[in-house]
Amino acid sequence: MQASLSLLSPAVPRPSYVVQSALPLPPSKPINLRFCGLRREALGFSPLGRSDSHRVRLSAPSRSSTISASSSSGNGSPPKSFDYDLLIIGAGVGGHGAALHAVEKGLKTAIVEGDVVGGTCVNRGCVPSKALLAVSGRMRELQNEHHLKALGLQVSAAGYDRQGVADHANNLATKIRNSLTNSMNSLGVDILTGVGTILGPQKVQIGSSDKVVTAKDIIIATGSVPFVPKGIEVDGKTVITSDHALKLEFVPEWIAIVGSGYIGLEFSDVYTALGSEVTFIEALDQLMPGFDPEIGKLAQRVLINPRKIDYQTGVFASKITPAKDGKPVTIELIDAKTKEPKETLEVDAALIATGRAPFTQGLGLENVDVATQRGFIPVDERMRVIDANGKLVPHLFCIGDANGKMMLAHAASAQGISVVEQVTGRDHVLNHLSIPAACFTHPEISMVGLTEPQAREKAEKEGFEVSIAKTSFKANTKALAENEGEGLAKLIYRPDNGEILGVHIFGLHAADLIHEASNAIALGTRIQDIKFAVHAHPTLSEVLDELFKSAKVAHVPSPVSEPVAV
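Mapping to the UniProt record's numbering: the sequence shown position 206 is 206, numbers consecutive.
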């Protein structure tokens, strides 16, 4: 449950490509804004139409459906006129974000969807999982007699209605899906129903009909599906993926969760709050392998050890058979290194939380000479698609889970906005190290930038020192008022120049707190500047305030201009 269900999975290592550009180079002095999907108003640029001497004017293409083609390809000829300025294949969060930004830029835009608007995040991921996690959070509060007593509260035994919980998740997904659809309709985005197949340069077939749509630029935003390893039989009832689990059709007494990343952790939070016993099966030698090791150890002490959770690490689930004819689910475990059999578990249900796989089959990529890498569509740093010969495919982009750079819903949206900036004449490269991630357990985990091992590896290669600063939630007034002092914030930085390399938080509302750090990284703000920021008291934001103030940075000139006193 992330992508944040975060639907997060570690970024898959990308092969290195030698890119031979087939497109015109950007202007000699591009405006290179490394921001994480911020509107121009947030950057100090006024919306078009206001009288402001500092306004930045952009020359956006006309909304006319006829545009001159600017390039050609060996795989057939591009059309000389177009139905749309921009066509987006996939109406998930990434495609939706790109469509809205394209309309703002004056582009005639269409979005193709073969399933339902909202994609994985809205229908089978981030949104319904947050509804289930909201329930698990309330249940934990009501079941924690010690916590309630400390606050002077007395509550009778808490219970829940399974169907009511499931309805809450489904109703929320429906509401958000309708909201996304209405927002695109109101802005004039054409929603084309059917599977989009690329026929050639700037041509897409819609569904199985003869309908072909042309566009000057095309964005692939088809997302991902749950990854199920070989040997695992999914029946959707007792052996399930996150897609099935979010329906909450039953709450098993004992469930095995294969994988201890974001998805597995969030579901363990839900199931244990509702009364299930959980067994984690993790192929690596430690739980939560994608997290900063120090944060992971603390999270294990709080989120796993006190709860009805046990775990086995260093093992593969080589075969999982669904329950049938009164027999339980069977899980055959083997040693991850030696592949020797270890034991067989018998449980009521098994959740496969082994990450996500790109949904890129049937797109017609062969028609533009594009070969996927482990299912992912190869792209450069500007999300431009790379063909089998290492050349850029003109006017074709890929964002989100389908390119594997960062499998997060909000990363897909930021990539889509970045692409729209480029096709409207403004060079833009997204800084993925500034994109935050979150795991919505209780308490939450959030992070941005590098982990400590990653930062130290980078420092060794580039020849600089790394320092660490930490603050505890136990020193925060607001956290103590909530009786939620269990938590830690960690800052990884360069002491020589104050550059923020990474921030990791475990504690109350960590997912909300991380954005001060992520925006600082995106804007290039150094510690010696951000430590002068003022935070309201008493708030949880002071955890970050104390964190930055505790960092020891050498005296260096500030790259930020001096403020004007008013």
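Note that the Cβ used here is the ideal one computed from N, Cα and C, for glycine as well. Bear in mind that the values here come from a model prediction, so they are computed numbers and not experimental data.
Which of helix, strand or coil does DSSP assign to PHE316?
strand
**Request:** Hey, could you find the ends of the beta strand (DSSP E) GLN205 is sitting in?
**Result:** 203-206
Can you give me the Cβ contacts of GLY231 inside the same chain, cut-off strictly under 6 angstroms, excluding the 5 residues immediately before and after it? SER318 and LYS319
Rounded straight-line distance, which links the Cα of ASP348 to that of ILE255 = 6 angstroms
Within a Cβ cutoff of 7 angstroms, which residues of the same chain sit near ALA273, ignoring the five residues on either side of it in sequence?
SER136, MET139 and ARG140
Return the first residue and the last residue of the alpha helix (DSSP H) that ASP167 is part of.
162-187
Worksheet item: Considering only residues of the same chain and omitting the five flanking positions on each side of VAL103, which have a CB-CB separation below 7 angstroms?
Response: THR109, LEU187, GLY188 and VAL189
- Message: I want to know whether the stretch 353-363 touches the stretch 379-386 - three or more CB-CB distances under 8 angstroms.
- Response: no
Over the uninterrupted beta strand (DSSP E) stretch that includes ASP217, give me the two end residues. 212-220
Checklist entry - What is the rounded straight-line gap between the Cα of THR330 and the Cα of ILE257? => result 13 angstroms
What does the alpha-carbon distance come out to for the pair LYS327 and GLY400?
41 angstroms
Where do the N-terminal and C-terminal ends of the beta strand (DSSP E) with ARG285 fall, by residue? A quick correction: the sequence has Asp, not Arg, at residue 285. Per DSSP, ASP285 belongs to no beta strand (DSSP E) and is neither H nor E.
*asked:* Just to confirm my understanding: we take LEU547, look at its own chain, exclude 5 residues before and 5 after, and list those with CB closer than 7 angstroms. What are they?
replied: ALA469, THR471, ALA489 and LEU491
Query raised in the report: Between GLU499 and GLU465, what straight-line distance do the alpha-carbon atoms span, to the nearest angstrom?
Result: 11 angstroms
When you compare only the Cα positions, how much space is there between ALA551 and PHE532? 12 angstroms
Going by the CB atoms, is the gap between ILE198 and ILE445 shorter than 8 angstroms? no
Quiz item: Is there contact between the stretch 165-182 and the stretch 277-288, where contact requires at least three CB pairs shorter than 8 angstroms?
Solution: no
*Cβ neighbour criterion (16 or more within 10 Å) applied to SER434*: buried
| query | Helix, strand or coil: how does DSSP classify HIS504 here? | reply | strand
Looking at C-beta atoms only, is the number of pairs between the stretch 87-97 and the stretch 398-414 that lie closer than 8 angstroms three or more? yes
For the structure I just gave you, are there three or more beta carbon pairs, one from the stretch 154-169 and one from the stretch 237-253, closer than 8 angstroms? yes
Does the separation of the CB atoms of GLY264 and ALA353 fall below 8 angstroms? yes
Outcome for VAL534 when other beta-carbon atoms lying within 10 angstroms are tallied against a minimum of 16: exposed
So, under 8 angstroms CB-CB, LEU508 and GLU484 are touching, yes? Tell me the CB distance rounded to an integer number of Å. 4 angstroms
Does the beta carbon of ALA411 come closer than 8 angstroms to any beta carbon on chain C? Structure shown: chain C not included; a single protein chain is present.
* To the nearest angstrom, how far is it from the Cα of PRO454 to the Cα of MET447? -> The amino acid occupying residue 454 in the given sequence is Gln; Pro does not appear at that position. Cα to Cα, GLN454 sits roughly 13 angstroms from MET447.
- Message: In this structure, how does DSSP classify ALA481 when only helix, strand and coil are distinguished?
- Response: helix
task: With distances taken Cα to Cα, identify the nearest neighbour of LYS504 among LYS478, LEU363, PHE473 and SER183.
output: Before going on, a small fix: residue 504 reads as His here, not Lys. Nearest option by C-alpha distance: PHE473.
Open item on the list: If you reduce the DSSP assignment to three classes, tell me which class GLY118 lands in.
Closed with: strand
For GLN422 and THR451, what's the separation of their Cα atoms in angstroms? 31 angstroms
Span of the alpha helix (DSSP H) holding ASP529? 527-530
Along the chain, where does the beta strand (DSSP E) containing LYS470 start, and where does it finish? 467-472
If distances are taken between C-alpha atoms only, which option among GLY524, THR477, ALA554 and ILE220 comes closest to PRO495?
ALA554
What residues match up with VAL112 in a beta bridge as DSSP calls it?
ILE89 and LEU192
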